[in-house]
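Student: For reference, the structure I am asking about is given below.
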Amino acid sequence: MGHSPSSLSKSGPSSPPRRSRSFSPMAPPQQLRLTAPLQVAAGGSGSDSSSSFVPPARDYTQDLPDEILALVFASLSPTDRNACSLTCSRWMEVDATTRHRLSLDARAALGNAATALFSRFTAVTKLALRCARDSGLDSLSDHGAAALAAALPSERLARLKLRGLRKLSDAGLASLAAGAPAIRKLSIASCTFGPRAFVAVLQSCPLLEDLSVKRLRSVADTSGAASSIAEEIKFPPALSLRSVCVKDLYNALCFVPLVASSPNLRSLKILRCSGAWDLPLEVIAARAPGLVELHLEKLQVGDRGLAALSACANLEVLFLVKTPECTDSGIISVAEKCHKLRKLHVDGWRTNRIGDFGLMAVARGCPDLQELVLIGVNPTVLSLRMLGEHCRLLERLALCGCETVGDAEIICLAERWAALKKLCIKGCPVSDRGMEALNGGCPGLVKVKLKRCRGVSYECIENLKVTRGESFSISLDVVLEHDAGSTSENGAQENGQAQITELAGQMTGMDLLTNAAGTQSSIHTINRMRSVMSAIRRRFGNPLPP
Numbered sequence: 001m002g003h004s005p006s007s008l009s010k011s012g013p014s015s016p017p018r019r020s021r022s023f024s025p026m027a028p029p030q031q032l033r034l035t036a037p038l039q040v041a042a043g044g045s046g047s048d049s050s051s052s053f054v055p056p057a058r059d060y061t062q063d064l065p066d067e068i069l070a071l072v073f074a075s076l077s078p079t080d081r082n083a084c085s086l087t088c089s090r091w092m093e094v095d096a097t098t099r100h101r102l103s104l105d106a107r108a109a110l111g112n113a114a115t116a117l118f119s120r121f122t123a124v125t126k127l128a129l130r131c132a133r134d135s136g137l138d139s140l141s142d143h144g145a146a147a148l149a150a151a152l153p154s155e156r157l158a159r160l161k162l163r164g165l166r167k168l169s170d171a172g173l174a175s176l177a178a179g180a181p182a183i184r185k186l187s188i189a190s191c192t193f194g195p196r197a198f199v200a201v202l203q204s205c206p207l208l209e210d211l212s213v214k215r216l217r218s219v220a221d222t223s224g225a226a227s228s229i230a231e232e233i234k235f236p237p238a239l240s241l242r243s244v245c246v247k248d249l250y251n252a253l254c255f256v257p258l259v260a261s262s263p264n265l266r267s268l269k270i271l272r273c274s275g276a277w278d279l280p281l282e283v284i285a286a287r288a289p290g291l292v293e294l295h296l297e298k299l300q301v302g303d304r305g306l307a308a309l310s311a312c313a314n315l316e317v318l319f320l321v322k323t324p325e326c327t328d329s330g331i332i333s334v335a336e337k338c339h340k341l342r343k344l345h346v347d348g349w350r351t352n353r354i355g356d357f358g359l360m361a362v363a364r365g366c367p368d369l370q371e372l373v374l375i376g377v378n379p380t381v382l383s384l385r386m387l388g389e390h391c392r393l394l395e396r397l398a399l400c401g402c403e404t405v406g407d408a409e410i411i412c413l414a415e416r417w418a419a420l421k422k423l424c425i426k427g428c429p430v431s432d433r434g435m436e437a438l439n440g441g442c443p444g445l446v447k448v449k450l451k452r453c454r455g456v457s458y459e460c461i462e463n464l465k466v467t468r469g470e471s472f473s474i475s476l477d478v479v480l481e482h483d484a485g486s487t488s489e490n491g492a493q494e495n496g497q498a499q500i501t502e503l504a505g506q507m508t509g510m511d512l513l514t515n516a517a518g519t520q521s522s523i524h525t526i527n528r529m530r531s532v533m534s535a536i537r538r539r540f541g542n543p544l545p546p
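For reference, each letter of the sequence shown is one residue, going 1 to 546 in full-length UniProt numbering.
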């Protein structure tokens, strides 16, 4: 494809005809008169197993406009697109002039090839510079970054991603930022420059909206208050910044002044960062009161920090993952002022410091709540009843490792949670008695997932399927006692964030409308029986032969 055959000639009386090709794909196609069919051996050089192949008279892809060919390239995966671009010179040209994403191996020699690269790829809007771990010492340097910045499509480049550039310093990042003043999203990970480099980024990129910083190696593990850091580093106002994510930093407190200089900030994620965060959160909430989404994971933050965040009246999404110093008091402070809360994810790390009192405050103060995920939290009928009565839009619920969630709580859900559509239960002491209550409750329920619930039988699951109809989907994972006991509680707690991610994906990624035909139901039943038999074999071994 992409090559126009021009003629066929015979090399001998007994040899098959050969085809000569013209490697000028832009030349007009020529009409051919075939004198003999082309013989192609199917099994190698043997003459018995041969088939006749007639080559096309012309290359029909030459009739496709460049715009149509570009649409075809856009639907291909990166690997397939790279392969297709090598087919002919025309395809290579169309690919180069329409490619918007470009990922480069950021070795030291990249600076020398930058001019040729970006003169070929003229439509790039998203650029990724990556360097593997084993080649980090050979990564792009400041000198190479300056040469690369001079060749960048400065007016079009909107996204820039840097990974593993260990030879790049503050000056190198400043050069790249100056060469791409129109970027709106900047993502940096495993680099060696410090927080001062972002002063030049904010000065050179006034349109920056999304900033993600992970694993900066030059940020030292020093202790200091947010006030002293603010006096040391002066960040310019970031009026366009909407989203900031800092992750796996020894001292992310260096970025508190940057966040505080973003009055229009909407999303903030602080994940696995050391330092005391109560005072910094007070500064952030005072400077960026328009926060809508907040993720806190493995932080030293307590009720004082949550009380400060309650000043963000527009807060809609709150994730609290492994913050053991947070208690019911902090949740109550948020619930009393953040009345627009729609999603609440809490991983209590089984500290029993967040329970019914905090959840009842959420029920009273957050009537628009739609999604609730509780891991290692122990709610009872008291809080679940109030949530069902006051939060009439609550349609997604996940309960994982909740020791107090039993049959009475599931019956409460069936009676009070009329809007519930998706339910996920993992590691809770529920049984058939509680699950059978779902036969007549929760009229909108379409998806249920059960895991490590040893009190629930397959007979109960099948009865629920028959009663609720084809639009209802339910799954049960069997875990035997010796399998469940092999995992320690500490190990289960360490997997809390993975569970939150999995639950969120299950609750938001699945379609609400699910149709199960009779054939599919039978296949699912067979698969479940096979899993049961496999579990029995693992537990008791294979039966002895007669």
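Positions of the beta carbon are idealized from the N, C-alpha and C atoms, including for glycine.
HIS100 bridges to which residues according to DSSP?
Tutor: HIS100 is not bridged to any residue.
Student: Quick one, are the C-beta atoms of LEU372 and LEU394 less than 9 Å apart?
Tutor: Yes, these two residues count as a Cβ contact at 9 Å.
Student: Between the C-alpha atoms of LEU165 and LEU438, what's the straight-line distance to the nearest angstrom?
Tutor: Distance between the alpha carbons of LEU165 and LEU438 is about 54 Å.
Student: Please report the distance separating the alpha-carbon of ASP278 from that of THR323.
Tutor: Spanning the two alpha carbons is a distance of roughly 12 Å.
Student: With 16 as the cutoff for other CB atoms within 10 Å, does ASP303 come out buried or exposed?
Tutor: Counting Cβ neighbours within 10 Å, ASP303 comes out buried, since at least 16 surround it.
Student: Which residues in the same chain have their Cβ closer than 8 Å to the Cβ of PHE118, if we skip the five residues on either side of it in sequence?
Tutor: These residues qualify, in order along the chain: VAL124, ALA151, LEU152, PRO153.
Student: Between SER139 and ALA182, how many whole angstroms is the CB-CB distance? I'm expecting something under 8 Å.
Tutor: Not really, about 25 Å apart at Cβ, beyond 8 Å.
Student: Jot down the residue ranges of each uninterrupted alpha helix (DSSP H) in the stretch 118 to 198, minimum 4 residues, whole runs only, in chain order.
Tutor: Whole alpha helix (DSSP H) segments, 4+ residues: 142 to 151, 170 to 179.
Student: State the start and end residues of the unbroken alpha helix (DSSP H) segment that holds LYS340.
Tutor: No alpha helix (DSSP H) holds LYS340; DSSP gives it neither H nor E.
Student: If I follow the unbroken alpha helix (DSSP H) through ILE425, where does it start and stop?
Tutor: Here ILE425 belongs to no alpha helix (DSSP H); instead the beta strand (DSSP E) covers 422 to 426.
Student: Quick check on ARG364: does DSSP put it in helix, strand or coil?
Tutor: It is helical.
Student: Identify the residues that DSSP records as bridge partners of LYS451: which are they?
Tutor: Partner(s): LYS426, ASP477.
Student: DSSP on GLN370, reduced to helix/strand/coil?
Tutor: Here GLN370 sits in coil by DSSP.
Student: What does a CB cutoff of less than 6 Å around ASP248 pick up in its chain, not counting 5 residues either side in sequence?
Tutor: If we look at ASP248 and ignore the five residues flanking it on each side, its Cβ neighbours are LYS214, ARG215, ARG272.
Student: Please report the straight-line C-alpha distance between GLU231 and PHE319, rounded to a whole angstrom.
Tutor: Legend: pLDDT at GLU231 = 49, less than 50; position of this residue unreliable, no value from coordinates given.
Student: Can you grab the Cα-Cα spacing for the pair LEU69 / ARG101, in whole Å?
Tutor: So the alpha carbons of these two residues sit roughly 17 Å apart.
Student: Can you give me the start and stop residues for the beta strand (DSSP E) that VAL213 sits inside?
Tutor: Counting along the chain, the beta strand (DSSP E) containing VAL213 begins and ends at 210 to 214.
Student: Whole angstroms are fine: how far does the CA of THR98 sit from the CA of CYS338?
Tutor: Whole-angstrom Cα-Cα distance: 46 Å.
Student: So VAL246 is in the beta strand (DSSP E); what residue range does that whole segment cover?
Tutor: Element bounds for VAL246: 243 to 247.
Student: Evaluate LYS234 with the Cβ neighbour count: other Cβ atoms within 10 Å of its Cβ, from every protein chain shown; 16 or more gives buried, anything less gives exposed.
Tutor: Exposed is the call here.
Student: Taking the alpha carbon of SER141 as the point to measure from, which residue in ASN314, ARG156, THR115, GLY172 has its own alpha carbon closest?
Tutor: Cα-wise, what sits closest to SER141 is GLY172.
Student: Return the residue from the list ARG156, LYS126, ARG163, ALA149 that minimises the CA-CA distance to LEU137.
Tutor: With distances taken between Cα atoms, LEU137 lies closest to ARG163.
Student: What ranges does the beta strand (DSSP E) occupy inside the UniProt domain "F-box" (62 to 94), keeping only unbroken runs of at least 3 residues that lie completely in it?
Tutor: The UniProt domain "F-box" (62 to 94) contains no whole beta strand (DSSP E) run of 3 or more residues.
Student: So for VAL54, helix, strand or coil by DSSP?
Tutor: Of the three classes helix, strand and coil, the one that applies to VAL54 here is coil, per DSSP.
Student: For GLY434 and ASP356, what's the separation of their Cα atoms in angstroms?
Tutor: Approximately 20 Å, taken between the alpha carbons.
Student: Run the CB neighbour count on VAL430, radius 10 Å, all protein chains shown included, and call it buried at 16 or more, exposed below.
Tutor: Buried is the call here.
Student: Taking LEU127 as the reference, give the member of ASN112, THR115, SER103, ALA145 with the closest Cα.
Tutor: Of the listed residues, the one whose Cα sits closest to LEU127 is SER103.
Student: DSSP three-state call for GLU325: helix, strand or coil?
Tutor: The answer is coil: DSSP assigns GLU325 none of H, G, I, E or B.
Student: Can you check which of these residues, ILE270, PRO263, ASN264, is closest to PHE255 by C-alpha distance?
Tutor: Nearest of ILE270, PRO263, ASN264 to PHE255, Cα basis: ILE270.
Student: Which one of ASP347, GLY290, LEU157 has the shortest CA to CA distance from LEU299?
Tutor: When each option's Cα is compared against that of LEU299, the closest is ASP347.
Student: Taking the continuous alpha helix (DSSP H) assigned at LYS465, which residues delimit it?
Tutor: Start and end: 458 to 468.
Student: Let me know the secondary structure DSSP gives ARG396 once reduced to three states.
Tutor: Note: ARG396 maps to strand in three-state DSSP.
Student: Measuring alpha carbon to alpha carbon, tell me which residue in SER329, ASP368, THR351, TRP349 is nearest LEU315.
Tutor: Per the Cα distances, ASP368.
Student: Quick check on DSSP: helix, strand or coil for ALA285?
Tutor: Here ALA285 sits in helix by DSSP.
Student: Excluding the five sequence neighbours on either side, which residues of its own chain have a C-beta within less than 8 Å of the C-beta of VAL381, listed in chain order?
Tutor: Only ALA408, GLU409, CYS412 meet the Cβ criterion.
Student: Are GLY444 and ARG416 close, meaning C-beta to C-beta below 9 Å?
Tutor: Going by C-beta atoms, GLY444 is not nearer than 9 Å to ARG416.
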